[in-house]
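To keep things clear, I will list the structure first and then write my remarks on it.
Residue numbers (the numbering used here): 232 to 806.
So this is what it looks like as C-alpha cells:
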C-alpha cells in the first residue's frame, strides 16, 4: 500500500531529515526487524560496527562534524556496551539519538523471563540508567503517538545538544503509519526565539558594560562550537576588535589566522604574555563556557574582574544575574545588531602576544629524534584549511594546543569526559560525516587526521575495520611512547600498571584493511617527519594510512607536565 509506510521507515526518514546519513550500531535480535527498513530510505546507510562502544564513539565524532548522529543497539547487552560513549556525549554536549531495540510489547506486559535481562522480569532497569545521561528518554507504547514522539526526541537532541534515548519494542518496527506523515510532520530544527523582554534587559546591561570597558576580551569555550556560533564569534570580534582567546575545548571555534585571535587561555598554565593580557582585563564576554579542570588549568583562572558576561546554551548571566531560557545564539546575534546600531567602535592598542606565533620555530627540522615540542608545532604546516584534527586524551590533546590551526579546520578532543580510546572511533565517525557532506551537498572533501597514543589505541583498535569496510581514509598517527605517558606523569611513573603489551603497528592495516588501499610509515627522526609531511603524495587523502611516530617515553607537552602535577595534587588532597 503506497499510502502507508512502516514505523521503521518513518524513523529513518526523520533521521535523514535531521542530516544523519550514516547509522552506527550493532545488530541484535531485538533490533533486526527495524534494520530491515534502512534500505527503504534512499541516501542513508547502515555502517555496522565491531562493537557498541566504538559505534557510540563514532556517532559522537559524526555529530561533532555533522550536528546530529544516530546509534542503534539492542536491549540490555548492546545498550549497556554503548553507555560510556553516550555519557561522554552527554558531558560534552554532543547531540545524537540512541535507538534501542527492545523486546515486544507483549513480552514485556507478560513479564517473560527473556535473555538480555537481569533475570528479574523487569524491562525498565536499563532505561532508568540512561535517564542520567540523556536529555530525554522515551519508549514507544502505542503506534498512534510514535511519529510525534520520534520527532520530539530528534528535536530535543538537536536543540539541547545532548543525547536522547528511544526504546522501540520489536513489534512496532513493521507496523504501518500514513506515508503522508513524513512530509506533514516536519522537524522543527530552527533556533527558538528568545523572550524579547528578557533579551532586551540583558543586552542593555551588556552594552552599558562594553561601552565603559577599557581592557575587554572575548573568551570562547566548548559550547560555542557545539551550538554553532563560530560565525557570530568572528563577526563580534571583527566588530569590536576585542582580543579573542579560546580554551582547550574551544580550540578551532575561532579562525587562528584572524588578527583578533590572541591565543589559548588555560589559567595558570597559559603563556606568560597571555596572562599579562587576561589578568588585568576589566570585561569578559564568555561564550559557551565549560570550566572543567583540564579546561581551566585546574580552576586557576587568574583574572579579578567581576564584569563577566556569560552566554550559555540555555541561559545567560550578567554578573550575578541569571536569565533563564535566554539562548546564546540569539543573544549574541542581538548584541552584534545593537553594536552596529550604536556604531560602536573600539581601537585596540594591543598586538597579538608572541606566544601565538611560537609554532614558527618548527619551520626548520632539528637533528635527532622527534620531540613532542617539535611534533605539534610542525603539524601547523602540514594541516590544510577544513581539515578535521582528532586527538586522544593525554599527550595528543595537550600537544595540539601548540598547533596553529588553519582556517575552517575542526579540532576534536574529549577534554572533559576523557575516555581513553575515544579518538580513533571518533575520527572514523568524523570522516563518515565529511564523506556524507560531500556526497549529499557537494561540500568540499575534507581530510581527517588522528593522533592517538599506543596505549589508547589498544582499547578501540577495531574501528580501523569500520573505516576499511567503507573505504574511509583517515591519517592515523600512532604515538609510540611505550604506554600511558599521561598516567605516568600524574602518578606511578615506573609502575607496572602504566605499562602495555607492545604491538607491531605495521601489521594493523594488513589485518583490518587487507582489501583496501593502505600505506604504512615508521618515523623516528624529526627530519624524516618533516620530509614525510612535505611529500606531495602523502598529502593526498587517497588511502588509509598508519604513521607510527617514535617518541621518548617521558617526553610530553609542557602544558601536560604542569597539568599532571596539578592533577596529582588534587587527587591526593584530603576532604
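Just so you know, even glycine gets a beta-carbon here, dropped at the ideal spot from N, CA and C.
Keep in mind the model is a prediction, meaning the values are calculated, not measured.
Are the Cβ atoms of residue i and residue j separated by less than 8 Å?
i, j, result
"residue 521", "residue 453", "yes"
"residue 305", "residue 313", "no"
"residue 334", "residue 299", "no"
"residue 494", "residue 473", "no"
"residue 643", "residue 295", "yes"
"residue 779", "residue 736", "yes"
"residue 526", "residue 646", "yes"
"residue 247", "residue 269", "no"
"residue 685", "residue 712", "yes"
"residue 395", "residue 384", "yes"
"residue 424", "residue 519", "no"
"residue 257", "residue 282", "yes"
"residue 293", "residue 365", "no"
"residue 332", "residue 401", "yes"
"residue 461", "residue 498", "no"
"residue 284", "residue 255", "no"
I'd like to confirm something about residue i: is its beta-carbon nearer than 7 Å to some heavy atom of the ligand GDP, or not?
i, result
"residue 716", "This structure lacks the ligand GDP; in fact it carries no ligand of any kind."
Cutting at 6 Å between CB atoms, please list the residues of its own chain near residue i, excluding the five before and the five after it.
i, result
"residue 288", "316, 653, 656 and 657"
"residue 555", "546"
"residue 403", "238 and 371"
"residue 629", "788, 790 and 791"
"residue 784", "712 and 713"
"residue 634", "607, 610 and 611"
"residue 596", "757, 758 and 761"
"residue 444", "513 and 514"
"residue 797", "529"
"residue 731", "686 and 714"
"residue 488", "638"
Need the endpoints of the beta strand (DSSP E) that residue i sits in, please.
i, result
"residue 310", "Careful: residue 310 lies outside any beta strand (DSSP E), inside the alpha helix (DSSP H) at 308 to 322."
"residue 706", "706 to 711"
"residue 752", "749 to 754"
"residue 630", "No beta strand (DSSP E) contains residue 630, which is instead part of the alpha helix (DSSP H) from 626 to 630."
"residue 619", "619 to 622"
"residue 776", "775 to 781"
Which one of the options has the shortest CA to CA distance from residue i?
i, options, result
"residue 418", "597, 691 and 243", "243"
"residue 479", "528, 436 and 267", "528"
"residue 606", "512, 589, 760 and 661", "760"
"residue 370", "359, 783 and 617", "359"
"residue 698", "245, 278, 407 and 238", "278"
"residue 786", "502, 445, 627 and 421", "627"
"residue 707", "615, 485 and 694", "694"
"residue 352", "337, 601 and 366", "337"
"residue 565", "254, 754 and 429", "429"
"residue 705", "731, 752, 773 and 674", "773"
"residue 516", "262, 634, 253 and 467", "467"
"residue 726", "714, 734 and 733", "714"
"residue 463", "322, 514 and 542", "542"
"residue 276", "596, 764, 751 and 663", "663"
"residue 347", "457, 764, 700 and 262", "262"
"residue 709", "681, 802 and 310", "681"
"residue 678", "660, 618, 751 and 580", "618"
"residue 420", "455, 245 and 501", "245"
"residue 490", "260, 585, 455 and 387", "585"
"residue 544", "455, 795 and 318", "455"
"residue 591", "302, 613 and 570", "613"
"residue 356", "343, 307 and 386", "307"
Among residues of its own chain, excluding the 5 on either side of residue i, which ones have a beta-carbon nearer than 7 Å to its beta-carbon?
i, result
"residue 506", "533"
"residue 599", "756 and 757"
"residue 549", "433, 436, 437 and 540"
"residue 537", "550"
"residue 511", "446"
"residue 603", "626, 630, 782, 786, 787 and 788"
"residue 422", "558, 560 and 561"
What residue range is occupied by the uninterrupted alpha helix (DSSP H) comprising residue i?
i, result
"residue 235", "Here residue 235 belongs to no alpha helix (DSSP H); instead the beta strand (DSSP E) covers 235 to 237."
"residue 656", "654 to 672"
"residue 715", "It is not in any alpha helix (DSSP H) - residue 715 carries neither H nor E in the DSSP assignment."
"residue 433", "427 to 443"
"residue 396", "Taken as a continuous stretch (DSSP letters only), residue 396 belongs to no alpha helix (DSSP H), being part of the beta strand (DSSP E) at 394 to 400."
"residue 647", "From DSSP, residue 647 is part of no alpha helix (DSSP H); its letter is neither H nor E."
Grab me the residues of residue i's own chain with a C-beta within less than 8 Å of its C-beta, minus the 5 sequence neighbours each way, in chain order.
i, result
"residue 624", "644, 645, 646, 649, 650, 651, 653, 654, 687 and 717"
"residue 408", "235, 236, 237, 238, 241, 374, 377 and 378"
"residue 792", "720"
"residue 675", "617 and 669"
With 8 Å as the threshold, decide whether the Cβ of residue i is near any Cβ in chain B.
i, result
"residue 281", "Of the protein chains in this structure there is only one, and it is not chain B."
*asked:* Threshold first: 4 residues or longer. Then list the alpha helix (DSSP H) segments lying entirely within the stretch 678 to 703, N to C.
replied: 685 to 691 and 694 to 700
_Every unbroken beta strand (DSSP E) inside the stretch 534 to 616 [3 residues or more]_ = 539 to 542, 546 to 549 and 552 to 555
*List in chain order: all unbroken alpha helix (DSSP H) runs of 4+ residues lying wholly within the stretch 320 to 371.*
The stretch 320 to 371 contains, as complete alpha helix (DSSP H) runs of 4+ residues, the segments 336 to 340 and 356 to 361 (chain order).
*Along the chain, which unbroken stretches of the beta strand (DSSP E) at least 3 residues long are found entirely within the stretch 451 to 483?*
475 to 477
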